[in-house]
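Student:
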Amino acid sequence: MKSLAGKKIILGITGSIAAYKAAFFVRLLVKSGAEVKVLMTESATTFISPLTLSTLSKHPVITGIADGDEWSNHVELGLWADALVIAPATANTLAKMANGICDNILNAVYLSARCPVFFAPGMDLDMWTHPSTQANIQKLLDYGNRMIEPESGELASGLIGKGRMAEPENLVKALDDFFRKVSPSQTLAGKTVLITAGPTYEPIDPVRFIGNHSSGKMGKALAEKVVERGGQVKLVLGPSKLDISQPGIEVIRITTALEMLAAAREIFAQADIAIMAAAVADFRPKFAAKEKIKKKTGEEEMTIELVKNPDIAATLGKMKTKDQVLVGFALETEKPLVNASRKLAKKGFDFIVLNSLKDEGAGFNHDTNRITLVFKDNKIKEFQLKSKLDVADDILDAIEQII
Ligand code: CTP
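If you count the sequence shown from 1, you need to add 1 to reach the working numbering.
#1: At a cut-off of 7 Å, would you count residue 329 as near the ligand CTP, judging by its Cβ distance to the nearest heavy atom?
#2: Alpha carbon to alpha carbon, how far is residue 119 from residue 147? Give it in angstroms, no decimals.
#3: What does the alpha-carbon distance come out to for the pair residue 290 and residue 404?
#4: Does the Cβ of residue 374 lie closer than 7 Å to at least one heavy atom of the ligand CTP?
#5: Nearest to residue 188 by CA position, among 227, 57, 42 and 61, is which residue?
#6: Just verifying my parser: in three-state terms, what is the DSSP assignment at residue 345?
#7: What does the Cβ neighbour count give for residue 58, buried or exposed, with the cut at 16 atoms within 10 Å?
#8: May I ask you to report which of helix, strand or coil DSSP gives residue 292?
#9: For the segment 157-182, which segments carrying the beta strand (DSSP E) assignment without a break, of at least 3 residues, lie completely within its bounds, in sequence order?
#10: Report the rounded CA-to-CA distance for residue 327 versus residue 320, giving the unit in angstroms.
#11: For residue 131 and residue 180, what's the separation of their Cα atoms in angstroms?
#12: Just to confirm, does residue 389 get its C-beta within under 7 Å of one of the non-hydrogen atoms of the ligand CTP?
#13: Taking the alpha-carbon of residue 115 as reference, which of 86, 133, 91 and 123 has the nearest alpha-carbon?
#14: Per DSSP, which residues does residue 254 bridge with? Please list them.
#15: Between residue 193 and the ligand CTP, is the CB less than 7 Å from at least one heavy atom?
#16: Under the assumption that residue 314 contacts residue 193 (Cβ atoms under 8 Å), give the Cβ distance between them as a whole number of angstroms.
#17: Is any non-hydrogen atom of the ligand CTP found closer than 7 Å to the C-beta of residue 332, if you look at the structure I gave you?
#18: Return yes when the C-beta of residue 257 is under 7 Å from any heavy atom of the ligand CTP, and no when it is not.
#19: What did DSSP end up calling residue 313 once you bin it into helix, strand or coil?
#20: Can you grab the Cα-Cα spacing for the pair residue 317 / residue 6, in whole Å?
#21: Could you tell me which residues DSSP pairs with residue 61 in its beta bridges?
#22: So, is residue 379 buried or exposed, given that buried needs 16 or more other C-beta atoms within 10 angstroms?
#23: Spatial neighbours of residue 100 within its chain, please: C-beta separation below 6 Å, excluding the five flanking residues on both sides.
#24: Residues bridged to residue 209 by DSSP?
#25: Please report the distance separating the alpha-carbon of residue 16 from that of residue 158.
#26: List the DSSP bridge partners of residue 36.
#27: Based on Cα-Cα distance, which residue from 292, 168, 195 and 242 lies nearest to residue 233?
#28: Put residue 318 into one of helix, strand or coil per three-state DSSP.
#29: So does the segment 291-301 actually touch the segment 231-247, counting three or more Cβ pairs closer than 8 Å?
#30: Taking DSSP as the reference, what is the three-state secondary structure of residue 332?
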């Protein structure tokens with residue numbers, strides 16, 4: 002979680018059984034390079050010991066407006082932080098926050114904080130659904146605070162339902178997503194990234210072609226995320242309705258596989274990374290008629306002779322130097338992992354992105370996708386169904402690990 006490195010986080014812990022998860026949360030934050038200062042309400046200290054948290058955070062834990070004869074400067078703390086996270090946030094604390102009540106250090110810091118505030122509710126099902134809790138949450142959201150949604154499952158009471166504080170990994174992810182958006186780390190600065198995307202159309206005659214339903218959306222998402230990370234994109238795009246005009250993305254529009262090959266070869270010679278997201282037509286008509294083909298009287302069948310298109314990815318795989326990273330995609334209906342790793346070896350990919358065909362919402366024309374990454378050493382990494390933008394982040398994270 003590079004985006005959390007160097008970030009100053011105040012964690013406010015309130016008195017819910019989920020407070021025990023705060024120890025794991027602090028550990029993950031510190032591991033990500035964040036500096037963490039912990040505030041606890043008095044009732045939180047009955048659920049988890051301040052000693053555990055001061056040891057993990059490497060900072061004294063603040064539990065009161067005054068600690069001994071020292072005054073805890075809540076204004077200073079509120080200004081110090083890049084984010085204030087209240088996790089778990091009880092119904093009681095949410096009510097106080099929503100109404101400006103300031104009877105402990107946590108609420109004092111909340112009221113004086115200028116940084117973004119996150120709250121992760123942790124409470125029992127009925128407290129969560131109570132209209133007053135929901136009204137308080139709505140108020141807090143209207144004030145610009147951000148909620149990290151509770152999860153559903155078994156609660157401390159034994160009841161099953163919504164109210165369980167999000168798992169520490171998900172708390173970290175919410176912060177990581179936030180910081181990435183506000184100040185994406187320029188991890189691909191100075192890198193040129195070739196992306197092939199969309200379908201190719203192979204002409205039969207001036208008005209007909211062989212093609213496929215690829216939308217180019219995955220390629221667009223990848224291009225946007227590369228730019229967010231400071232890289233330069235050369236997007237070789239087959240016929241697509243997408244409107245892509247953004248600084249940092251040069252779009253080279255092509256129609257056929259042969260044109261895509263010519264553009265990709267030229268660009269790859271100067272590129273650091275290539276991502277082959279295009280759905281290239283495997284065959285093209287041997288001859289494209291110059292004029293529109295007319296039906297002949299009595300003709301019931303017609304045959305179009307096809308010839309194989311060059312494999313663009315494999316061509317780049319042969320050109321690839323040890324400093325370049327080459328990533329491919331695969332869509333398989335049978336033995337997906339075996340076929341994907343075969344393809345990876347054949348084409349010289351560093352890893353291959355296996356698209357799921359089974360999930361609703363994955364694949365062509367959707368805004369979501371579910372992928373599995375298969376690496377050269379046969380390691381695999383599976384992901385959940387996500388937006389194509391989030392999938393693009395996962396792919397770029399894997400590329401950055403190789404670089
Ligand atoms: N690819 C390519 N040029 C081609 C065919 C495929 O660059 N002529 C790239 C795709 O962009 C993708 C990867 O190769 O990254 C795998 O594509 P796919 O069509 O699944 O593989 P094929 O080699 O065509 O295998 P098959 O159709 O037999 O599954």
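Built from N, CA and C at the ideal position, the CB exists for glycine as well. Bear in mind that the values here come from a model prediction, so they are computed numbers and not experimental data.
Tutor: On the basis of the data shown:
#1: Within the sequence shown, the letter at position 328 stands for residue 329. It does: the Cβ of residue 329 is within 7 Å (strictly closer) of some heavy atom of the ligand CTP.
#2: As a first step, residue 147 must be located in the sequence shown, where it is residue number 146. As a first step, residue 119 must be located in the sequence shown, where it is residue number 118. Computed Cα separation, rounded: 5 Å.
#3: Numbered from 1 along the sequence shown, position 289 holds the residue referred to as residue 290. Numbered from 1 along the sequence shown, position 403 holds the residue referred to as residue 404. When rounded, the distance between both Cα atoms is 46 Å.
#4: As a first step, residue 374 is located in the sequence shown; it is residue number 373 there, counting from the start. Every heavy atom of the ligand CTP is 7 Å or more from the Cβ of residue 374, so no.
#5: Walking along the sequence shown from the start, residue 188 turns up at place 187. Among 227, 57, 42 and 61, the Cα nearest to that of residue 188 is on 227.
#6: Working through the sequence shown from its first residue, we reach residue 345 at position 344. Three-state result, residue 345: helix.
#7: By 1-based counting over the sequence shown, the position of residue 58 is 57. Residue 58 should be labelled buried.
#8: If you number the sequence shown from 1, residue 292 lands on position 291. DSSP places residue 292 in coil when its eight states are reduced to three.
#9: 161-165
#10: One-based indexing of the sequence shown puts residue 327 at position 326. One-based indexing of the sequence shown puts residue 320 at position 319. Their backbone Cα atoms lie some 10 Å apart in a straight line.
#11: For the purposes of this step, residue 131 is taken as residue 130 along the sequence shown, with counting starting at 1. For the purposes of this step, residue 180 is taken as residue 179 along the sequence shown, with counting starting at 1. Whole-angstrom Cα-Cα distance: 32 Å.
#12: In the sequence shown, residue 389 corresponds to position 388, counting from 1. No, the beta carbon of residue 389 sits no closer than 7 Å to any heavy atom of the ligand CTP.
#13: Position 114 of the sequence shown, counted from the first residue, corresponds to residue 115. The residue with the shortest Cα to Cα distance from residue 115 is 86.
#14: Along the sequence shown, read from residue 1 onward, the residue named residue 254 stands at position 253. Partner(s): 238.
#15: Numbered from 1 along the sequence shown, position 192 holds the residue referred to as residue 193. It does not: the Cβ of residue 193 is nowhere closer than 7 Å to a heavy atom of the ligand CTP.
#16: If you number the sequence shown from 1, residue 314 lands on position 313. If you number the sequence shown from 1, residue 193 lands on position 192. Not quite, the Cβ-Cβ distance comes to about 18 Å (not below 8 Å), so this is no contact.
#17: By one-based count along the sequence shown, residue 332 stands at place 331. Answer for residue 332: yes, Cβ within range of the ligand CTP.
#18: By 1-based counting over the sequence shown, the position of residue 257 is 256. Incorrect: residue 257 has no Cβ contact closer than 7 Å to the ligand CTP.
#19: Counting from 1 along the sequence shown, the entry for residue 313 is found at position 312. Helix, per DSSP.
#20: As a working mapping, residue 317 is identified with position 316 in the sequence shown. As a working mapping, residue 6 is identified with position 5 in the sequence shown. So the alpha carbons of these two residues sit roughly 35 Å apart.
#21: For the purposes of this step, residue 61 is taken as residue 60 along the sequence shown, with counting starting at 1. For residue 61, which the question treats as bridged, DSSP gives no partner whatsoever.
#22: By 1-based counting over the sequence shown, the position of residue 379 is 378. It is exposed - the Cβ of residue 379 has fewer than 16 other Cβ atoms within 10 Å.
#23: Along the sequence shown, one-based indexing puts residue 100 at 99. Closer than 6 Å at the Cβ level, and outside the excluded window around residue 100, lies no residue.
#24: As a working mapping, residue 209 is identified with position 208 in the sequence shown. Per DSSP, 206.
#25: Numbered from 1 along the sequence shown, position 15 holds the residue referred to as residue 16. Numbered from 1 along the sequence shown, position 157 holds the residue referred to as residue 158. Looking at the two C-alpha atoms, the distance is approximately 15 Å.
#26: If you number the sequence shown from 1, residue 36 lands on position 35. Residue 36 is bridged to 9.
#27: Numbered from its first residue, the sequence shown carries residue 233 at position 232. Residue 195 is the option with its Cα nearest to residue 233.
#28: The residue given as residue 318 occupies position 317 in the sequence shown. Reduced to three states, the DSSP call for residue 318 is helix.
#29: no
#30: The sequence position of residue 332 within the sequence shown is 331, counting from 1. Three-state result, residue 332: strand.
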